[in-house]
Each structure stands twice: as C-alpha cells, then as structure tokens.
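Participant: Sharing a structure with you now.
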Amino acid sequence: MPLPAYIKKDYKRTRTLHGNWYLMNYKYKFNLSRTKVFLKGLKEGHILGLKCRSCNTVSFPPRLICGRCLVMPDQWVRLPETGTIATGSASYDTNDKNRERPLPVIAVRQDGADTVWLHNMPKDIDFHSIYIGMPVKAVWAKERTGSWFDIDHYDAIEDPAIELNKKEQEK
Amino acid sequence: MEKVGIVGYYQLKPELDIMMSPYEAIFTAVRGALDSAGLKRKDITTVVTCTNDYYDGKTISNCFKVEAGGAYMKDETKVELDGAHAAAYGLYRILSGNHKLAMIYGFSTPSCYFYEPVRILELDPTFDRTMSVINPYTTGGMQMRAYMKAFGVNEEDIAKVAVQNYKNCSKNSLALPEAKKPDISVQDVLDSEILSSPLRRLMYPIPCDGATAMILAPERQSLKITDNPVWITGMGQCQETYYLGDRDLSISVSMEKAAEKAYKRAGINDPKSEIDVAEIFGHTSCEELILAEAAHLSEKGKGAILLDSGPALNPSGGAMSAFTPCASGLTRLVEAAKQLRGEADGYQISGAKKAIASGQVGFCAQNNIVFVLEGGG
Ligand SMILES: [Zn+2]
Numbered sequence: 086m087p088l089p090a091y092i093k094k095d096y097k098r099t100r101t102l103h104g105n106w107y108l109m110n111y112k113y114k115f116n117l118s119r120t121k122v123f124l125k126g127l128k129e130g131h132i133l134g135l136k137c138r139s140c141n142t143v144s145f146p147p148r149l150i151c152g153r154c155l156v157m158p159d160q161w162v163r164l165p166e167t168g169t170i171a172t173g174s175a176s177y178d179t180n181d182k183n184r185e186r187p188l189p190v191i192a193v194r195q196d197g198a199d200t201v202w203l204h205n206m207p208k209d210i211d212f213h214s215i216y217i218g219m220p221v222k223a224v225w226a227k228e229r230t231g232s233w234f235d236i237d238h239y240d241a242i243e244d245p246a247i248e249l250n251k252k253e254q255e256k
Numbered sequence: 008m009e010k011v012g013i014v015g016y017y018q019l020k021p022e023l024d025i026m027m028s029p030y031e032a033i034f035t036a037v038r039g040a041l042d043s044a045g046l047k048r049k050d051i052t053t054v055v056t057c058t059n060d061y062y063d064g065k066t067i068s069n070c071f072k073v074e075a076g077g078a079y080m081k082d083e084t085k086v087e088l089d090g091a092h093a094a095a096y097g098l099y100r101i102l103s104g105n106h107k108l109a110m111i112y113g114f115s116t117p118s119c120y121f122y123e124p125v126r127i128l129e130l131d132p133t134f135d136r137t138m139s140v141i142n143p144y145t146t147g148g149m150q151m152r153a154y155m156k157a158f159g160v161n162e163e164d165i166a167k168v169a170v171q172n173y174k175n176c177s178k179n180s181l182a183l184p185e186a187k188k189p190d191i192s193v194q195d196v197l198d199s200e201i202l203s204s205p206l207r208r209l210m211y212p213i214p215c216d217g218a219t220a221m222i223l224a225p226e227r228q229s230l231k232i233t234d235n236p237v238w239i240t241g242m243g244q245c246q247e248t249y250y251l252g253d254r255d256l257s258i259s260v261s262m263e264k265a266a267e268k269a270y271k272r273a274g275i276n277d278p279k280s281e282i283d284v285a286e287i288f289g290h291t292s293c294e295e296l297i298l299a300e301a302a303h304l305s306e307k308g309k310g311a312i313l314l315d316s317g318p319a320l321n322p323s324g325g326a327m328s329a330f331t332p333c334a335s336g337l338t339r340l341v342e343a344a345k346q347l348r349g350e351a352d353g354y355q356i357s358g359a360k361k362a363i364a365s366g367q368v369g370f371c372a373q374n375n376i377v378f379v380l381e382g383g384g
C-alpha cells in the first residue's frame, strides 16, 4: 500500500528535547499543634488514639478529620501496647538480590483502634510464621524523643488462640 | 437554562502564610458552607474539587483531601483550572438530574511554593519555557502595553482601577489584610516597583493562602434549603489559543464569547443597564478592564468609566482582595452571590438584582468563564 503523500519517507523519528520536570522548592504545611498531645504521649510511653465523638471511631495513628462525619475528632483515648496483624507482605533488602530472605511488612490494628497502620517486625523473624490475626506488641525505641519513630517495631507475642484451636481439634 | 441555586458558601479569611494545614483549611471552608446552609455531610451527593498538582506539591492532589472536602464515599472529581470552572462542573452535574447537592471548593497555599515560577511550568516546554522570558509579570506588562496603545489609555487610568480595588478591599472584612489600603493614591501605584514595564507592583494582586467553598442545588431543592437562594441563570465558557502571539492582547475574544453565551442563556440583552454588580477576576488591574469591556459592560477602551458609573465593578476589591490560585474565580462567584443576598456587609450595592462573576485561567486570561446570577428573594 502506498504511503499517504504527507508522510515523508526519510522521516525516521520524532525529535526530542531534554528538559527537567522539577518543582523548585516546596514547603509542606503541617499543623503540629494538632498532634502535640499524641507526640507528647509517645514521649511518655503512652499510645493515644483519637476518637470521633460523632461515630465513636478510634483512629490510630490519629486522623485530623473524620471523613464519615466531617468533624474534627478531639477526644484522645489511651490504647494498649498490643495489637493484631490485619494484613502483611514482604519486602527485601537491597543486598538480597536473589530474594532469599523476605522481611515482613505488617499492617497493625492497635487494640481498641478501628484503623490500621503499616510497620515492620524484627529482621530475624521468619516471614512464614506471620499470619492475619497474629497478636503483636509495640516495642519502644531505646530513647523516646516524642516522634513517630518512638515505636521502633512490633514484636510477636504468644497467641493463646493457637492452643485453644489445638485443644478444639483434639476433641 | 434551568435554574440552579447557590444555597451556601464560606470563604476562609485569606492570609499570606496561613497557620493551618491544607486539611484544616479545606475542612473549615467546607464545614462552614454546610453550616451556612444548615445542611449535613450526608446531604452532599457530589463534590467538585479545584486544586492543582503543582500548587499542592503532589500528584492527584484531590486524593489527599477527600475527608476534609466531605467527599468520603461520595462521587468526587477534580478540576485543575479555576474554582469557577469547578462551579461549572458542579452546575453540569446538577443539571444532569443525577445530583441534588454539589459541594464545590477551591484551595491553594502559595506560601508553600513560589507562585510565579511555578506558573512557568504551565508554558509550552519546547519554545516558551526554554526562552525563559514569559512569566506572569512579562505577559501582564505586554498585555497592558498593547491595551494602552490600542485605545490610547494612560497608566493613570489603570492605576485608578487598582486604587479603587484597594479602597474596596478596606471595606471587605474577608479581604487580605495586606490589600486593605484605604488611603492609597494613584501616585502611590505609579511609584510602586516596576514588575514588567508598564506593569507596577501595586497593579498586581498578592498571591495568598485561602479556601472557598460553595454549595449548588437544583431549583426545587434550593427552595427547600433556603428562602433566599441565588440563581445561576446563565453560564458561558470559552477557550482561546495558547500562543500569545496569535491573540490580540488588547482585547479578550474568549471573554467576549463566554459572556455572550452566558447573557443569551440568561436572557440579558443589554448588560450595561441590566447588570448591577460585576465581579471580574483580572490577573492585573489592566486585565480587569479588558475583561470588563469584553463582557460588554462598557465600550472598548473605556472600561475606566465603570469606576464612576454603570455596573459596580468588583465592589469586594476583586482579585486584589483574595488572590488564591484555584479559588479566585469561586470567590468572585461567592462575592457576587453575597451582593444579591444583601450579605455584603460594608460594601453592599443597594438593590443589586443581577450580577455576573468571572473566572479565568492561563496567561493573559486564555480561558474565561462567566456566570450570570440573579437574586431569588
Ligand atoms: Zn466520625
């Protein structure tokens, strides 16, 4: 089939021009005064959730606005250090080219909270030993500074449900 | 066109550097608009957001603002133009018959970025951006010179527009505090720093942080919500060519076309006598005149007479009062609605029955949108 007249035969490729796709400097605004209570709690070793007075949803980490009710929750509630794994996945170390050692990344639902957040577990834990519903406990950083990193990781704790299930099966 | 009612609105008081996170600013505006209409979040059926990825420093900028904008588990979309375009989207959605209440908001915080340099990213990357001579200042200067030459207007006339805007700002409690200049003179404007000859610093509004929210509802629904709705009776939009060289900068054909469409839909034959208030979003004082003339509020080149007679031009102070990218056009709509509702405390135009409000986006007002509003009473 002959080419349309407007297509030149010697036209090999589209010309390109190099350019940067950048955004100068940006200052991301964040109102620290709203999370002050939460960060102070962490420094003192308390885990605080934020409760919406309208729908009783407890968010941890605290959400500034309850999307369901369109209100700003303002009731801080103390939460225990324990939680359960809501879901999880694996990540790999950059040196681990063959992907031999999966490292767990977990979504933890703090007991008493309705939301989950992503965290990690100790590096020596076997990824395959992790399951949904597994109880975990927050491990504090060596030195608490009143920041998000005060909770260093989550560690596995004994699951009484396993023993119960075993007994159930024996019956 | 079927009537659509503006039933609620809220303007966050603009500031140069607002002490609020984006989340809180939007929440305050959206919650304020709902409260002004006595509505609940569950009444909203659709949300139209106006934010800009570059202005927010993240892509898909609306996804982060869902909860604050009242859009959780609702039909939501984003417009990356001006707040007035978001209002147009809301209008279409209401007119489609699928929605009973549309929440519209525009938001930006120029304290987080440099507004003028970021505007450069709007340019054609192959020619205009590499030449690095086109920016909001130079285009404003070129437009002003073209206008002055075409119609024999002098700098004083344009400075007078700025002076009136600053004086109007001082009466408007929701104007940017830095723009409230009740004692400013024409000479002060002419003596201010030159941005791009002949454009002076005081002819150019200060980008400021802010958020504006507005609620639209169909006619029947509006009357259930309020006894005093403001009706959108006409709307027109027009997009001009991007290339400045292909346009006559002394006039605005796109504004003319947009206004004519809006007037036709609203059944307005003589805008000069029928319109009481015009809230025009001009990027510079000169552009304000060009757009007002293109909207047939005065003869071409004679826009300055609007300062003394004819429709009241920007009684709120116009873009000078609150130049928030993504929200300016929406704020103009809200200001026009306030005039028709008799809520413009301190700068009320008595007996205002019909108003127009405009929004725009692009260099030298490439894309214009005009709304015709009527008081419900
Ligand atoms: Zn709630």
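Chains U and C supply the protein sequences, listed in that same order. Count along the first sequence from 1, then add 85; that gives the number in the working numbering. Count along the second sequence from 1, then add 7; that gives the number in the working numbering. All C-beta atoms, glycine included, are put in the ideal place defined by N, C-alpha and C. If you're wondering where the values come from, they're calculated on a predicted model, not measured in any experiment.
For a contact meaning CB atoms closer than 7 Å, what does U/G152 contact in chain C?
Facilitator: Simply V73, E74, Y79.
Participant: Where do the ends of the alpha helix (DSSP H) carrying C/F158 lie?
Facilitator: Segment 143-158, the alpha helix (DSSP H) holding C/F158.
Participant: Report the CB separation of C/G113 from C/L223 in whole angstroms; it is logged as a contact under 8 Å.
Facilitator: 14 Å between Cβ atoms; not a contact.
Participant: Would you mind telling me which residues of chain C sit closer than 9 Å to U/N116, beta carbon to beta carbon, in chain order?
Facilitator: The contacting residues are M26, M27, S28, Y30, E31.
Participant: Where the beta carbon is closer than 7 Å to any heavy atom of ligand 1, which residues qualify, in chain order?
Facilitator: For ligand 1, the selected residues are U/C137, U/S139, U/C140, U/T142, U/C151, U/R153, U/C154, U/V156, U/P158.
Participant: If we ignore side chains and look at the alpha-carbon of each, how far apart do U/F212 and U/P189 end up?
Facilitator: Their Cα atoms are separated by approximately 6 Å.
Participant: With 8 Å as the threshold, decide whether the Cβ of U/M206 is near any Cβ in chain C.
Facilitator: So no, U/M206 is outside the interface.
Participant: Let me make sure I understand the geometry here. Which of C/V368, C/Y144, C/I191 has the alpha-carbon closest to that of C/T248?
Facilitator: Ranking the options by Cα distance to C/T248, first place goes to C/V368.
Participant: Excluding sequence positions up to five away, which residues of its chain have a Cβ less than 7 Å from the Cβ of U/K208?
Facilitator: Same-chain partners within the cutoff: L188.
Participant: Beta carbons nearer than 8 Å to chain U: which residues of the stretch 49-70 of chain C have them?
Facilitator: Of all residues in the stretch 49-70 of chain C, Y61, G64 have a Cβ within less than 8 Å of some Cβ in chain U.
Participant: Would you kindly report the start and end of the unbroken alpha helix (DSSP H) that includes C/N375?
Facilitator: Run containing C/N375: none in the alpha helix (DSSP H); it sits in the beta strand (DSSP E), 374-382.
Participant: Go through its chain and collect everything with a Cβ distance to C/F288's Cβ below 6 Å, but skip five positions before and after it.
Facilitator: A326, S335, G336, R339, S365, G366, Q367, listed in sequence order.
Participant: Are the C-beta of C/T116 and some C-beta of chain U separated by less than 8 Å?
Facilitator: Chain U contact via Cβ: present.
Participant: For the alpha helix (DSSP H) containing C/I165, list its first residue and its last residue.
Facilitator: Counting along the chain, the alpha helix (DSSP H) containing C/I165 begins and ends at 162-178.
Participant: Is the stretch 372-379 of chain C in contact with the stretch 76-92 of chain C, if contact means three or more CB pairs nearer than 8 Å?
Facilitator: The stretch 372-379 of chain C vs the stretch 76-92 of chain C: in contact.
Participant: Would you list the one or two residues that DSSP bridges to U/Q195?
Facilitator: Answer is U/G168, bridged to U/Q195.
Participant: Where are the alpha helix (DSSP H) runs, 4 residues long or more, that stay fully inside the stretch 257-306 of chain C, in chain order?
Facilitator: Runs found: 260-273, 278-281, 292-301.
Participant: Alpha helix (DSSP H) containing U/P245: first to last residue?
Facilitator: It spans 245-255 - the alpha helix (DSSP H) in which U/P245 sits, taken as one unbroken run.
Participant: Based on the DSSP secondary-structure assignment, which residues constitute the bridge partners of U/H238?
Facilitator: Per DSSP, U/V224.
Participant: Thinking just about the alpha-carbon of each residue, which of C/S118, C/L314, C/Q244, C/A319 is nearest to the one in C/V284?
Facilitator: Closest option to C/V284, Cα to Cα, is C/A319.
Participant: Who are the neighbours of C/C119 on chain U, taking C-beta pairs under 8 Å?
Facilitator: Those are Y111, K112, Y113, K114, listed as they occur along chain U.
Participant: Just reading off the beta strand (DSSP E) that C/H92 is part of, what are its end residues?
Facilitator: Per DSSP, C/H92 belongs to no beta strand (DSSP E); it is in the alpha helix (DSSP H), 90-102.
Participant: Is C/D63 buried or exposed, if buried means 16 or more other CB atoms sit within 10 Å of its CB?
Facilitator: With 16 or more Cβ atoms within 10 Å of its Cβ, C/D63 is classed as buried.
Participant: Taking the alpha carbon of U/G130 as the point to measure from, which residue in U/C151, U/R138, U/P165 has its own alpha carbon closest?
Facilitator: For U/G130, the nearest C-alpha among the options comes from U/P165.
Participant: I believe U/K112 touches C/C119 by the beta-carbon criterion, under 8 Å. Please report the beta-carbon distance rounded to the nearest angstrom.
Facilitator: The Cβ separation is near 4 Å, so the contact holds.
Participant: When you compare the CB of U/L155 with every CB in chain C, is at least one pair closer than 8 Å?
Facilitator: Interface residue, yes.
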